[in-house]
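Student: Chains A and B supply the protein sequences, listed in that same order.
When we follow our numbering, the leftmost residue of the first sequence carries the number 1214, and every step to the right adds one.
When we follow our numbering, the leftmost residue of the second sequence carries the number 8, and every step to the right adds one.
Structure in structure tokens, see below.
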Amino acid sequence: EAAVTQSPRNKVAVTGGKVTLSCNQTNNHNNMYWYRQDTGHGLRLIHYSYGAGSTEKGDIPDGYKASRPSQENFSLILELATPSQTSVYFCASGETGGANEQYFGPGTRLTVL
Amino acid sequence: GEQVEQLPSSLIVQEGASVLINCSYTDSASVYFPWYKQEPGKRLQFIIDIRSNMERKQTQRLTLLFDKKTKHLSLHITATQPGDSAIYFCSASNSAGNKLTFGIGTRVLVRP
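As structure tokens, this is what we get:
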């Protein structure tokens, strides 16, 4: 069974603070993704990675950085958190070699006050 | 970039009835269309997919139809159960498969 975990599951941050969301996958997938989910927008891609050491900008990368230190781990970093970044964040992993389904984590609910 | 639209945004049905969710996309380079289900408070779960060289795919109570000419998909769920209550997302990807574009989702409520 595919396994993607996220931490923390809930986070309250202050405006201007730094937030790091972590994701771990045991699927041995090369590709990993960060999305945010907001009412009226569905899921939107923030950053993704093809493997350790690589990060790519998704559709809404402004205000976010990503880090992929290993095959298993992919982090999303908010250097200066703003209230507009209050959202639910999902990490996912997927195989390379063509279009394939993605396996999602349980989500992190982030509130920026 | 790709845009994916879903209709309706929400619907309520009686248990045992059928559900039809429509989805359209804009980018003719999209070739892979997975659908996901999200139960309340849960992660997205893959339910069915179709590739652009197919017109129809069926698994158990799900039937997915694809019209390449009109860039339209439809997901049909038959014999609904309360456990089908969820948000259903249509998505589209190009052949590289590195990026999924999602619709806003269709919230389905199945009343017992």
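Glycine included, every Cβ here is placed at the ideal spot set by N, Cα and C.
For the stretch 43 to 63 of chain B and the stretch 13 to 31 of chain B, state whether three or more C-beta atom pairs, one from each stretch, are separated by less than 8 Å.
Tutor: no
Student: According to DSSP, which residues form a beta bridge with A:Thr1233?
Tutor: In the first sequence, counting from the first residue as 1, residue 1233 of chain A sits at position 20. In the DSSP output, where bridge partners are listed per residue, A:Thr1233 has A:Ile1290.
Student: So, using beta-carbon positions, are A:Tyr1302 and A:Val1217 closer together than 8 Å?
Tutor: If you number the first sequence from 1, residue 1302 of chain A lands on position 89. If you number the first sequence from 1, residue 1217 of chain A lands on position 4. Not closer than 8 Å, so no.
Student: Would you check if the distance between the CB atom of A:Leu1326 and the CB atom of A:Val1227 is smaller than 8 Å?
Tutor: Numbered from 1 along the first sequence, position 113 holds the residue referred to as residue 1326 of chain A. Numbered from 1 along the first sequence, position 14 holds the residue referred to as residue 1227 of chain A. Yes, the pair counts as a contact, with Cβ atoms nearer than the cut-off.
Student: List the residues that DSSP assigns as beta-bridge partners of B:Arg63.
Tutor: Reading the second sequence from its first residue, position 56 is the one you call residue 63 of chain B. Bridge partners of B:Arg63: B:Leu72.
Student: Comparing C-alpha positions only, which one of B:Glu12, B:Asp74, B:Thr33, B:Gly8 sits nearest to B:Ser59?
Tutor: What you label residue 59 of chain B is simply residue 52 of the second sequence in a count that begins at 1. The residue with the shortest Cα to Cα distance from B:Ser59 is B:Asp74.
Student: Counting only beta-carbon atoms, is A:Glu1314 nearer than 8 Å to chain B?
Tutor: Position 101 of the first sequence holds residue 1314 of chain A. Closer than 8 Å to some Cβ of chain B, the Cβ of A:Glu1314 qualifies, so yes.
Student: So is B:Met61 buried or exposed if we call it buried at 16+ other beta carbons inside 10 Å?
Tutor: Start at 1 with the first residue of the second sequence, and residue 61 of chain B comes out as number 54. By the C-beta density criterion, B:Met61 is exposed, having fewer than 16 other C-beta atoms within 10 angstroms.
Student: List, in order along the chain, the chain A residues whose C-beta lies closer than 7 Å to that of B:Gly110?
Tutor: Residue numbering aside, residue 110 of chain B sits at position 103 when the second sequence is read from its first letter. Per Cβ cutoff of 7 Å: Gly1255.
Student: If you run the structure through DSSP and keep just helix, strand and coil, what is B:Asp91?
Tutor: By one-based count along the second sequence, residue 91 of chain B stands at place 84. If DSSP states are grouped into helix, strand and coil, B:Asp91 belongs with the helices.
Student: So that I know if they touch, is there some Cβ in chain B lying closer than 8 Å to that of A:Gly1230?
Tutor: The residue given as residue 1230 of chain A occupies position 17 in the first sequence. It does not: the Cβ of A:Gly1230 has no partner Cβ on chain B nearer than 8 Å.
Student: What three-state label does DSSP hand B:Pro41 in the structure shown?
Tutor: Position 34 of the second sequence, counted from the start, is the residue given in the question as residue 41 of chain B. In the structure shown, B:Pro41 sits in a strand (DSSP, three-state: E or B).
Student: Please list, in chain order, the chain B residues whose beta carbon lies closer than 7 Å to that of A:Gly1244.
Tutor: Position 31 of the first sequence, counted from the start, is the residue given in the question as residue 1244 of chain A. Per the sequence shown, the amino acid found at residue 1244 of chain A is Asn instead of Gly. What A:Asn1244 touches in chain B: Asn105.
Student: Could you list which residues in chain A have their beta carbon closer than 7 Å to that of B:Leu14, in chain order?
Tutor: Taking the second sequence and counting its residues from 1, one reaches residue 14 of chain B at position 7. Those do not exist, as B:Leu14 stays about 13 Å from chain A at its closest Cβ, beyond 7 Å.
Student: For A:Ser1280, which three-state DSSP category applies?
Tutor: As a first step, residue 1280 of chain A is located in the first sequence; it is residue number 67 there, counting from the start. Three-state result, A:Ser1280: strand.
Student: Just to make sure I have the definition right: I need the residues of chain B whose C-beta is within less than 8 Å of the C-beta of A:Leu1258. Which are they?
Tutor: On the first sequence, position 45 is the one that residue 1258 of chain A refers to. Near A:Leu1258 (Cβ distances below 8 Å), the residues of chain B are Lys106, Leu107, Thr108.
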